[in-house]
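Chains as they are written, first to last, in our numbering: chain E, 1 to 374; chain V, 1001 to 1280.
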Amino acid sequence: MAQTYFPASAPPPPPRAQRPHVELGSEPSATERFIAEHIEPRHEALRRWSSTLPHEELLQRAARRKKMTIKKITDSNQLFFLSGVVVGGMDGVITSLVSHQARRVSRSKAMTKRYLTASDVPTPKGKAINPTEFSRAVKYLKSLGGPVTVKPSSGRASKGITVNVTRESQLRQAWQAAMAARSATSESRYLIVMEEYTPGLDLRAYVVGSTVVGAVARLPLYVVGDGISTVGSLADAEISRRGPNEYLKGRQPEVTNAMLAPLELTRDSVLPFGKLQPLSAIADTTRGGGLAVDVLDLLADELKELAVEGLWAIPGLGAAAVDLLAPSLGSAEGAVVLDVNPYANIMQFHYPAYGEPRRVNDAVMEEILERASR
Amino acid sequence: MPTELTSDTGSHPGHAPGDETEQEPVTQDAGAEAEDQPLPENAVERFIAEHVQPRRHEFRSAEQLPSAAQLLGTALARRRIEVKKIVEGRWAFYFAGTVIGGLSHGLTTLVSAHARRVLGDAEALRGHLKLMDIPCAEEGAELSGLQLRGFVVGRELVSMLALIPPYEYDDAVGGPEAVRLLDSTAADSGAGQPQVIAVDVTELVSEYISSLAVDAVRAVPGLFAAGVDLEVFSLESLRSAVVLDVDENADLLPHHVPTLGPGRDVADAIAEQILISAAL
Ligand SMILES: Nc1ncnc2c1ncn2[C@@H]1O[C@H](COP(=O)(O)OP(=O)(O)OP(=O)(O)O)[C@@H](O)[C@H]1O
Ligand SMILES: [Mg+2]
Chain E
1 MAQTYFPASA
11 PPPPPRAQRP
21 HVELGSEPSA
31 TERFIAEHIE
41 PRHEALRRWS
51 STLPHEELLQ
61 RAARRKKMTI
71 KKITDSNQLF
81 FLSGVVVGGM
91 DGVITSLVSH
101 QARRVSRSKA
111 MTKRYLTASD
121 VPTPKGKAIN
131 PTEFSRAVKY
141 LKSLGGPVTV
151 KPSSGRASKG
161 ITVNVTRESQ
171 LRQAWQAAMA
181 ARSATSESRY
191 LIVMEEYTPG
201 LDLRAYVVGS
211 TVVGAVARLP
221 LYVVGDGIST
231 VGSLADAEIS
241 RRGPNEYLKG
251 RQPEVTNAML
261 APLELTRDSV
271 LPFGKLQPLS
281 AIADTTRGGG
291 LAVDVLDLLA
301 DELKELAVEG
311 LWAIPGLGAA
321 AVDLLAPSLG
331 SAEGAVVLDV
341 NPYANIMQFH
351 YPAYGEPRRV
361 NDAVMEEILE
371 RASR
Chain V
1001 MPTELTSDTG
1011 SHPGHAPGDE
1021 TEQEPVTQDA
1031 GAEAEDQPLP
1041 ENAVERFIAE
1051 HVQPRRHEFR
1061 SAEQLPSAAQ
1071 LLGTALARRR
1081 IEVKKIVEGR
1091 WAFYFAGTVI
1101 GGLSHGLTTL
1111 VSAHARRVLG
1121 DAEALRGHLK
1131 LMDIPCAEEG
1141 AELSGLQLRG
1151 FVVGRELVSM
1161 LALIPPYEYD
1171 DAVGGPEAVR
1181 LLDSTAADSG
1191 AGQPQVIAVD
1201 VTELVSEYIS
1211 SLAVDAVRAV
1221 PGLFAAGVDL
1231 EVFSLESLRS
1241 AVVLDVDENA
1251 DLLPHHVPTL
1261 GPGRDVADAI
1271 AEQILISAAL
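Below, the structure is given as C-alpha cells:
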C-alpha cells in the first residue's frame, strides 16, 4: 500500500523564468560589482532561517555554553557568573567589554572621527557643524571641492543620511533630513556631520579583541530588470521571496512611489533587461530591505587589520562592529573606517542572507572570560 | 594584632594575593568572640586613641598638592605611556603606538559603561552587592562605626584609609574615653585639624576587610578600579562591617597624601592595570 507523505496533488513548481544576467554599466560601483560577482550567481541560495534568536539571547546562549550563570537584576541589567564570580554583564545590548569612555565616544559620529584621526586610522575627512550654521556648511562644501555625505552626528540605523551631495540646493535638503533624524537623547544632538563622500562596498566587521570574528557586506534592496516587469512587481517578488527567511521577514519595507522618487522611478517604471537597480541610495538593513551577506572568508587581511585598528582607536573597547567603506574586498587601498559601534546588533552575523553564519556571540563571551582572568 | 599578621605572613593584602590560603583564620576570634559580646559603641574613639593620637605630631600639613590628573600623568609617563588629548576632557593613552586606554570626564577605561550605569543608582548597586552576599548598608542608615575608604585596582586593595572627624584629646584621662569627637562642619573645629582626618590603615586592616572591599568592587561588572567605602567596628573583624558605597569617581589624592601615614601610589597601580587590561 502506497503511503503518501506529500500530497500527490501538489502542483509542480512553476517553470521559472531564467533570471536575467546582470549587465554592469561602464563604471559599476563596488556594490554593483559585488552583487554581480557574488550574489547573482547564487541568487537561489538565499538562506532560510526558520527561527532566530534576538541579540541578547544569542549572547546569553553563548554564556551558558561557557558554563556561565546569568542573573537578571533588571531586564536591562544582567550579570554573567562563573564559579560564583562576576565575570561580566550586559547593560541593555552592550556588554561590559565597553568602557564608559567608549560608550560616550560611540554616541557621536563626530567624536568617533576624532579618535580615529588621532590614531591615524583612515576615515573620511569631515567636520561637525552646528545646524544653525548652514552658511558654514556651504563654505565647507566648497572647500572640500567634491561630493559630501551629510548625517546627524548622533544618528543610528542610517537615519537622516544623504550621500553624494554636490550642490547647495541638495545640501539644504540633506541638512533638513539630518535635522529631522537626529536623536533627541544624544549629547551631540546639535551637530551635523559633513564628510567626504567615499563610495565603496559597505562592510561591517565585528571585531572582538584583535580578531575579526564576523564580516558582512551590506547591500541595498535591488532588482534586476527584464525589459517587461515593472519595478513594483520586481520589488514585491523579491520581498515575498524573503518570506521564509525568519530574519528578513519582519524587516522589509513597502516599496512605494515615495520610496522610489529619489531614484526618479515609480512602481510602474520598467527597467531594461539585465539592468541592476538599487532601490535605495544606502544599504538599510534595519527596515529598508537591505541584505547582510557574509564575507568573512573573502575579506582581505589588510581590511581585517583596518577594522581592528578602528576598534583599537576607541579607548577601552573590547568588542564592536566596525563599519568600513572599501572599493574592493581584496585590498585596503582606498578603504576608510566610517563608524565604530558597540551597540550593533549581532544578529546580522548569525543570520546572513547569503553565506555562513558566524558565531560572534561565542567570541564575545570568550573575550569576557579572558578579560576576567587578566 | 593586624601588624603582626602582615609581617608574619609577609602578605600585605595589596602585594601577595596568593597568600590568602595560608593565612591564619582571623575571623575565628574576630567573628566568634564577637557574637556574644556587645558591639563596641566607641569604634572611632578606640581607633583614635590607639592609632592616631600617639602619632598626632606626624600629621601632614597642608602643602602644595598635586592633582589626581598629575598623579596619573606621572605614573603613565613612568611606563612610557603617551597621553594624547582628543578634545577637552578626553584623552587617549598610547603605548608603542597603540591605544591601551584613556580618560574621559575623569574616568579611566578601567570603568565599563555597565559599571557606570550600576554605580549611578544606589539601589542597583545594592542589588549587585546583595546578589554576591556582600553586606551593605541600608538606605539612610546612620553611621555608628569607623568609616574606611579603600581603593581597589584589579583584584587588589591598594590603599585603605580610615576617615575620622577632628577631635580633642584629654591627656589626663587617656584611652578612648579621652577622645571627644568634634563636628567636622563646625567652624571652630579642632585647632589645625582638617575637616576629615584620613589615616592610612592599608597595613592595619585584616585580610577579611580588604577582601570585602575587593569583593564589593568585583560585584560590579567591568569595574577594574574604584573607591569603596566601608563601615567597620574594628580593623580586624568583619563583624557588622558593611559596604557603604562603591565610587568609580573616587579621588586618588587622599590615598597618595593622607593626613597620617605613608600613603599609597594608587595612580601607579591604575597605570599598571591599564597596561594589564590592554594585554598587548
Ligand atoms: N562618507 C560617506 N561616503 C559614502 N557613503 C557613506 C558615507 N557615510 C555614510 N555612508 C553610507 O551611509 C551608510 C550609513 O552610514 P553610517 O554608518 O555613518 O550611519 P549609521 O546611522 O551609523 O548607520 P548604521 O547604523 O547602518 O551603521 C553607510 O553604510 C554608507 O553606505
Ligand atoms: Mg554606523
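All C-beta atoms in this analysis are idealised placements derived from N, C-alpha and C, irrespective of residue type, glycine included. All of these numbers come straight from a predicted model, not from anything done at the bench.
Which bits of chain E does residue 1093(V) rub up against, with CB to CB less than 9 angstroms?
Close to residue 1093(V), with beta-carbon spacing below 9 angstroms, are these residues of chain E in chain order: 315.
I'd like to confirm something about residue 197(E): is its beta-carbon nearer than 6 angstroms to some heavy atom of ligand 1, or not?
Residue 197(E): yes, Cβ under 6 angstroms from ligand 1.
Identity of the residue in 249(E), 309(E) and 360(E) nearest residue 383(E) by Cα:
Here chain E comprises residues numbered 1 to 374, so residue 383(E) is not present and cannot be evaluated.
At a Cβ threshold of 7 angstroms, is residue 60(E) touching chain V?
Taking Cβ atoms only, chain V never reaches closer than 7 angstroms to residue 60(E), which makes this a no.
Cβ of residue 338(E) within 6 angstroms of any heavy atom in ligand 1?
Remark: the C-beta of residue 338(E) is in contact range of ligand 1, defined as less than 6 angstroms to any heavy atom.
Between residue 56(E) and residue 1118(V), what straight-line distance do the alpha-carbon atoms span, to the nearest angstrom?
Near 19 angstroms, if we compare the C-alpha coordinates of residue 1118(V) and residue 56(E).
Exposed unless 16 or more other CB atoms sit within 10 angstroms - verdict on residue 1264(V):
The residue in question, residue 1264(V), is buried, as its Cβ has 16 or more Cβ neighbours within 10 Å.
Per-residue contacts from residue 378(E) into chain V (C-beta, under 7 angstroms)
Examination of residue 378(E) is not possible in this model, given that chain E is present from 1 through 374 alone.
Does DSSP classify residue 220(E) as helix, strand or coil?
Collapsing the DSSP output to three states places residue 220(E) in coil.
I'd like the span of the beta strand (DSSP E) that includes residue 1091(V), first residue to last.
Boundaries of the beta strand (DSSP E) around residue 1091(V): 1090-1095.
Answer yes or no: the CB of residue 161(E) versus the heavy atoms of ligand 4, is any distance below 6 angstroms?
As far as ligands go, the structure on display features ligand 1 and ligand 2 and does not contain ligand 4.
Less than 8 angstroms between the CB atoms is what I'm expecting for residue 192(E) and residue 153(E), so what's the real figure, rounded?
Going by Cβ atoms, the distance from residue 192(E) to residue 153(E) rounds to 6 angstroms, so yes, they are a contact pair.
Do you know how far the Cα of residue 332(E) is from the Cα of residue 302(E)?
Cα-Cα distance, rounded: 5 angstroms.
Below-7 angstroms beta-carbon distance, residue 126(E) vs any chain V residue
No, because no Cβ of chain V sits closer than 7 angstroms to the Cβ of residue 126(E).
Considering only heavy atoms of ligand 1, does any lie closer than 6 angstroms to the CB of residue 149(E)?
Closer than 6 angstroms to some heavy atom of ligand 1: that describes the Cβ of residue 149(E).
Kindly indicate which three-state DSSP category residue 1138(V) falls into: helix, strand or coil?
If DSSP states are grouped into helix, strand and coil, residue 1138(V) belongs with coil.
How about residue 1279(V): is its C-beta nearer than 7 angstroms to some C-beta of chain E?
Interface flag for residue 1279(V) against chain E is set, since a Cβ pair is found closer than 7 angstroms.
Inter-residue Cα distance where the pair is residue 1156(V) and residue 220(E)
In this structure, the straight-line span from the alpha carbon of residue 1156(V) to that of residue 220(E) is close to 51 angstroms.
Of the residues 1085(V), 1260(V) and 1041(V), the one placed nearest residue 1202(V), counting alpha carbons only:
Its Cα nearest to that of residue 1202(V), the residue 1260(V) stands out among 1085(V), 1260(V) and 1041(V).
State the start and end residues of the unbroken alpha helix (DSSP H) segment that holds residue 1268(V).
Unbroken alpha helix (DSSP H) run through residue 1268(V): 1266-1278.
Within the 7 angstroms Cβ cut-off, does residue 346(E) reach chain A?
In the displayed structure, chain A is absent; the protein chains listed are E and V.
Could you compute how far the alpha carbon of residue 86(E) sits from the alpha carbon of residue 1060(V)?
When rounded, the distance between both Cα atoms is 39 angstroms.
Contact check, residue 1217(V) vs residue 1152(V), beta carbons under 7 angstroms
Judged by beta-carbon spacing, residue 1152(V) lies within the 7 angstroms limit of residue 1217(V), meaning their Cβ atoms are closer than that value.
By Cβ distance below 7 angstroms, which residues in the same chain neighbour residue 1352(V) in space, the five residues on each side in sequence not counted?
In this structure chain V extends from 1001 to 1280, so residue 1352(V) is not present and cannot be described.
Can you find a C-beta in chain V that's less than 7 angstroms from the C-beta of residue 101(E)?
Interface residue, yes.
Residues of chain V with CB closer than 7 angstroms to the CB of residue 239(E), please, in chain order.
Chain V residues near residue 239(E): none, gap ~37 angstroms exceeds 7 angstroms.
Taking 7 angstroms as the CB-CB limit, is residue 1221(V) close to chain E?
Residue contact check for residue 1221(V) against chain E: a CB pair falls below 7 angstroms.
Please list, in chain order, the chain E residues whose beta carbon lies closer than 9 angstroms to that of residue 1124(V).
Neighbours of residue 1124(V) on chain E, chain order: 73, 74 and 77.
Which residue comes first and which comes last in the alpha helix (DSSP H) that contains residue 310(E)?
In the DSSP annotation of this structure, the continuous segment of the alpha helix (DSSP H) that includes residue 310(E) starts and ends at 301-312.
Of the choices 1245(V), 1181(V), 1205(V) and 1099(V), whose alpha-carbon is the least far from that of residue 1140(V)?
Nearest of 1245(V), 1181(V), 1205(V) and 1099(V) to residue 1140(V), Cα basis: 1245(V).
For residue 950(V), three-class secondary structure by DSSP
It is not possible to answer for residue 950(V), since the shown part of chain V is limited to 1001 through 1280.
Regarding residue 124(E) and ligand 1, is the C-beta to nearest heavy atom distance less than 6 angstroms?
With a threshold of 6 angstroms, the Cβ atom of residue 124(E) counts as near ligand 1, since some heavy atom of the ligand is closer than that.
In the structure shown, what three-state DSSP assignment does residue 279(E) receive?
Correct three-state label for residue 279(E): coil.
Would the beta-carbon of residue 321(E) fall within 7 angstroms of that of residue 344(E)?
Result yes, Cβ atoms of residue 321(E) and residue 344(E) sit closer than 7 angstroms.
Take residue 1211(V) and list the residues in its own chain whose beta-carbon comes closer than 7 angstroms to its own, dropping the five residues that flank it on each side.
Cβ neighbours of residue 1211(V) beyond the five flanking positions: none.
Out of 1276(V), 1272(V), 1166(V) and 1132(V), point me to the one whose CA is closest to residue 1078(V)'s CA.
Closest in alpha carbon position to residue 1078(V), among 1276(V), 1272(V), 1166(V) and 1132(V), is 1272(V).
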